[in-house]
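Quick notes on the structure that follows.
There are 2 protein chains.
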Amino acid sequence: MDVKVSIFGFGNVGRATARVLLKKAGFIQRRYGLEFKVVSITDRSGTLWMPEGIDLREALTVKESLGRISAWTNDYELYDMGPKEAVRDVGADIVVDVTNEVNAHEWHLLALREGKAVVTSNKPPLAFHYGKLTKEAERRGLPYLFEATVMAGTPIITLLRDGLLGDSVERIEAVLNATTTFILSEMERGATFEAALKRAQKLGIAERDPRGDILGIDAGYKATILHCIAFEPMTFDNAEVSGIVEVTEGKIKRAGKSGKTVRLVATVEKGTVTVEPREVPLGSPLAVESHENAAVIKTDLLGELVIKGAGAGLKETASGVVSDVVKASLSLSG
Amino acid sequence: MDVKVSIFGFGNVGRATARVLLKKAGFIQRRYGLEFKVVSITDRSGTLWMPEGIDLREALTVKESLGRISAWTNDYELYDMGPKEAVRDVGADIVVDVTNEVNAHEWHLLALREGKAVVTSNKPPLAFHYGKLTKEAERRGLPYLFEATVMAGTPIITLLRDGLLGDSVERIEAVLNATTTFILSEMERGATFEAALKRAQKLGIAERDPRGDILGIDAGYKATILHCIAFEPMTFDNAEVSGIVEVTEGKIKRAGKSGKTVRLVATVEKGTVTVEPREVPLGSPLAVESHENAAVIKTDLLGELVIKGAGAGLKETASGVVSDVVKASLSLSG
Chain A
14 MDVKVSIFGF GNVGRATARV LLKKAGFIQR RYGLEFKVVS ITDRSGTLWM
64 PEGIDLREAL TVKESLGRIS AWTNDYELYD MGPKEAVRDV GADIVVDVTN
114 EVNAHEWHLL ALREGKAVVT SNKPPLAFHY GKLTKEAERR GLPYLFEATV
164 MAGTPIITLL RDGLLGDSVE RIEAVLNATT TFILSEMERG ATFEAALKRA
214 QKLGIAERDP RGDILGIDAG YKATILHCIA FEPMTFDNAE VSGIVEVTEG
264 KIKRAGKSGK TVRLVATVEK GTVTVEPREV PLGSPLAVES HENAAVIKTD
314 LLGELVIKGA GAGLKETASG VVSDVVKASL SLSG
Chain B
14 MDVKVSIFGF GNVGRATARV LLKKAGFIQR RYGLEFKVVS ITDRSGTLWM
64 PEGIDLREAL TVKESLGRIS AWTNDYELYD MGPKEAVRDV GADIVVDVTN
114 EVNAHEWHLL ALREGKAVVT SNKPPLAFHY GKLTKEAERR GLPYLFEATV
164 MAGTPIITLL RDGLLGDSVE RIEAVLNATT TFILSEMERG ATFEAALKRA
214 QKLGIAERDP RGDILGIDAG YKATILHCIA FEPMTFDNAE VSGIVEVTEG
264 KIKRAGKSGK TVRLVATVEK GTVTVEPREV PLGSPLAVES HENAAVIKTD
314 LLGELVIKGA GAGLKETASG VVSDVVKASL SLSG
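Chains as they are written, first to last, in this note's numbering: chain A, 14 to 347; chain B, 14 to 347.
Dropping the structure here:
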């Protein structure tokens with residue numbers, strides 16, 4: 014089956030998604046009988062639209078050598094369309110949002126109303142409008158999928174949405190942000206907060222504006238999304254979030270002396286989401302290193318369940334996006 | 014929505030399932046809008062059939078005080094039907110197999126041909142007939158679900174079937190049998206194999222005939238099922254399985270001295286399933302204790318993913334069965 018896909022956002026995650034779609038095309042065709050045709054790519058400069066399908070290899074080359082999709086001057090039609098117009102006008106089956114746009118929920122809703130499935134790695138739409146978006150999708154019987162918003166491609170969302178259906182979740186404790194883990198690990202090795210942050214930025218682990226990570230906002234978005242799935246819709250406005258800027262070198266040393274390590278831990282219980290630096294025992298599932306994330310899910314029937322895996326990284330995030338694109342396609346065709 | 018369920022097997026797992034269905038009826042009604050009506054229960058003594066729905070509380074009392082369903086003398090209709098007849102004649106939407114019957118695949122197939130969904134915790138049908146069963150279910154568009162066959166309710170099967178759809182699994186390493194973990198742990202504390210086995214039997218952790226566990230057959234069934242999902246159908250006949258009977262106290266002591274512990278580890282790669290006692294480093298995900306199971310799943314995009322949770326226990330196994338009954342119902346109604 015041919016599936017028409019529109020990609021919104023052609024930054025790191027968008028391009029990684031395109032690369033995985035290229036690399037795994039044969040696998041996906043053999044395993045699921047699906048052939049993806051990317052019919053449009055929208056970045057900040059405009060929309061490349063090609064009903065017969067864009068050559069992703071060429072699109073990657075243009076973007077990577079010239080910086081924007083609109084630099085493409087021959088062969089393809091370029092339009093001065095933003096996301097809303099592209100969602101409406103391009104005849105896609107699946108809209109893939111791999112932007113960071115805070116107000117993308119508006120065109121997610123539009124896509125659903127136009128009968129299109131939505132796959133996204135973009136957190137704010139979910140962290141602020143979960144109830145509205147999932148209700149609209151349900152009413153229209155359309156997939157609205159967002160595996161890559163939490164723990165990259167590590168399938169914690171599939172696990173909570175498609176599994177454990179008879180269990181009542183009682184609590185989730187999780188380390189959901191890899192940048193803060195990196196900084197805290199560097200501080201354990203003796204670096205100051207400032208030096209650790211600088212190193213993270215140099216390595217591309219932290220962004221130039223690191224506030225989303227170090228103030229706990231990114232972890233808070235993710236924890237809010239987990240709350241929405243495990244319990245009921247809530248918004249990030251009700252999350253209690255503190256970051257790691259006040260974690261001192263002394264605090265980290267003291268933790269180390271008692272066999273513990275400091276991590277930015279999210280705690281999700283019915284009605285409350287808290288993100289704060291906490292001491293966790295070395296050897297516990299939350300004492301993650303590097304780009305690993307981990308969650309301990311406590312339920313009434315099963316007791317404690319641990320899921321641990323990559324929580325950052327480009328192909329690791331694309332893993333979640335592409336898994337959802339496959340899932341959406343199977344659901345549309347089924 | 015009312016969903017009619019036939020339960021086959023009313024031993025420990027069957028009764029735990031009934032107890033969870035009772036206890037979580039309100040939750041399931043509120044969350045999914047589903048109401049389960051158990052219209053028949055089949056044990057070795059016969060079939061209790063009640064189109065209006067059996068009172069599970071009474072059924073549990075009868076079975077637990079009198080030992081068999083057929084001891085019920087008033088109110089209900091009792092039939093001298095085996096599974097095949099009950100599958101055919103009772104008008105259920107979902108057939109739940111919580112027996113250990115080796116040849117149950119015959120009536121699983123019959124159920125699918127009769128248009129009924131199948132949920133099972135019974136391993137041999139999957140370990141020997143995976144391809145046939147899942148193909149039949151797919152052809153008829155019916156759910157064939159078996160979460161509880163591997164790691165009890167810990168949703169490794171949901172994770173592999175409904176998640177990671179763009180990833181290629183490269184290898185799974187897992188501890189899938191809790192009885193052998195118990196025995197090996199006891200031996201670490203100085204017990205002989207025989208004493209440890211006896212203790213496990215006394216506590217109800219090992220069965221009176223413990224061969225399925227200690228020879229690695231149970232773990233082999235489970236590993237074979239994981240192979241079928243992650244790669245392609247194969248049967249247990251092609252698995253290479255050795256158990257823990259040849260693990261000496263000396264071997265365990267030597268492992269301990271080098272910071273390791275011996276566990277019965279299944280390794281699943283494309284075309285091969287191996288189960289054998291192996292030394293694993295303390296602190297590694299496979300160094301599980303008690304009734305915990307763990308799996309390390311390696312994929313091309315995501316790298317290493319760990320899932321760890323209860324791998325045995327009655328309500329823990331019922332968790333998987335009931336989750337699948339909910340999932341099957343949502344799929345039938347969707």
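Cβ atoms here follow ideal geometry from the backbone N, Cα and C, with glycine treated the same way.
>> For Ser-179(B), would you say it is in contact with chain A, using Cβ-to-Cβ distances shorter than 8 Å as the test?
In response: According to the sequence as given, residue 179(B) is Gly; it is not Ser. So yes, Gly-179(B) belongs to the interface.
> At which residues does the alpha helix (DSSP H) containing Val-335(A) begin and terminate?
Replying inline: 327-346
>> Please state the DSSP three-state secondary structure of Leu-123(B).
In response: helix
> If you count every other CB in all the chains shown that lies within 10 Å of the CB of Pro-223(A), and 16 or more means buried, which is it?
Replying inline: buried
>> If you follow the beta strand (DSSP E) that Phe-244(A) is in, where does it begin and where does it stop?
In response: Here Phe-244(A) belongs to no beta strand (DSSP E), and DSSP marks it neither H nor E.
>> Looking at chain A, is there any beta carbon in it that lies within less than 8 Å of the beta carbon of Asp-175(B)?
In response: yes
> Taking Cβ-Cβ distances shorter than 9 Å, what residues in chain A pair up with Val-128(B)?
Replying inline: Note that residue 128(B) is Gly in the sequence shown, not Val. Those within 9 Å of Gly-128(B) in chain A number zero; the least Cβ separation is about 17 Å.
> Going by beta carbon distance, what residues of the same chain come within less than 8 Å of Ser-53(A), once the five residues before and after it are set aside?
Replying inline: When the five nearest sequence neighbours on each side are left out, the beta carbons in the same chain lying within less than 8 Å of the beta carbon of Ser-53(A) are those of Ser-19, Ile-20, Thr-60, Leu-61, Trp-62, Met-63, Ile-67, Ala-99, Val-103, Ala-105, in order along the chain.
> Per DSSP, what kind of secondary structure is Arg-291(B) in: helix, strand or coil?
Replying inline: strand
> Three-state secondary structure (DSSP) at Ala-187(A)?
Replying inline: strand
> In whole angstroms, what is the alpha-carbon distance linking Gly-233(B) and Leu-177(B)?
Replying inline: 23 Å
> What span of residues does the beta strand (DSSP E) with Gly-316(B) cover, start to end?
Replying inline: 316-323
>> Are the CB atoms of Ala-130(A) and Ser-332(A) within a distance shorter than 8 Å?
In response: no
> Residues of chain B with a CB under 9 Å from the CB of Val-33(A): which are they?
Replying inline: Those are Gly-179, Leu-314, listed as they occur along chain B.
> Are the C-beta of Lys-97(A) and some C-beta of chain B separated by less than 8 Å?
Replying inline: no
> Which residue or residues does DSSP assign as beta-bridge partners of Lys-311(B)?
Replying inline: Bridge partners of Lys-311(B): Arg-184(B), Glu-317(B).
> Which term fits Pro-294(A), buried or exposed, when burial requires 16 or more other beta carbons within 10 angstroms of its beta carbon?
Replying inline: Residue environment for Pro-294(A): exposed (fewer than 16 other C-beta atoms within 10 angstroms of its C-beta).
> Does any C-beta atom of chain A lie closer than 8 Å to the C-beta of Thr-171(B)?
Replying inline: The beta-carbon of Thr-171(B) is placed less than 8 Å from the nearest beta-carbon of chain A.
> Pick from Leu-47(A), Val-309(A), His-304(A): whose alpha carbon is nearest that of Lys-17(A)?
Replying inline: The candidate whose alpha carbon is nearest that of Lys-17(A) is Leu-47(A).
>> Using C-beta distances below 8 Å, list every residue in its chain close to Ile-242(A), excluding the 5 sequence neighbours before and after it, in chain order.
In response: Ile-170, Leu-173, Arg-174.
>> With DSSP as the reference, identify every bridge partner of Ser-19(B), one or two as the case may be.
In response: Ser-19(B) is bridged to Ser-53(B), Val-108(B).
>> Given this structure, state the Cα-to-Cα distance separating Ala-187(B) from Val-182(A), to the nearest angstrom.
In response: Roughly 25 Å separates the two Cα atoms.
> Along the chain, where does the beta strand (DSSP E) that runs through Gly-61(A) open and close?
Replying inline: The residue you asked about is not Gly; residue 61(A) is Leu in the sequence shown. From DSSP, the beta strand (DSSP E) with Leu-61(A) extends over 59-62.
> Hey, how far is the Cα of Glu-220(B) from the Cα of Gly-347(A)?
Replying inline: 43 Å
> What does Gly-39(A) touch in chain B if you count any residue whose Cβ is under 7 Å from its own?
Replying inline: Per Cβ cutoff of 7 Å: no residues; Gly-39(A) is ~11 Å from chain B at best.
> In whole angstroms, what is the alpha-carbon distance linking Ala-325(A) and Glu-71(B)?
Replying inline: 52 Å
> Any C-beta of chain B sitting closer than 8 Å to the C-beta of Thr-237(A)?
Replying inline: Not one chain B Cβ lies under 8 Å of Thr-237(A).
>> Tell me whether the region 72-92 of chain B and the region 135-147 of chain B touch, counting them as touching only if at least three CB pairs, one residue from each stretch, are closer than 8 Å.
In response: no
>> Can you tell me whether Glu-90(A) is helix, strand or coil according to DSSP?
In response: strand
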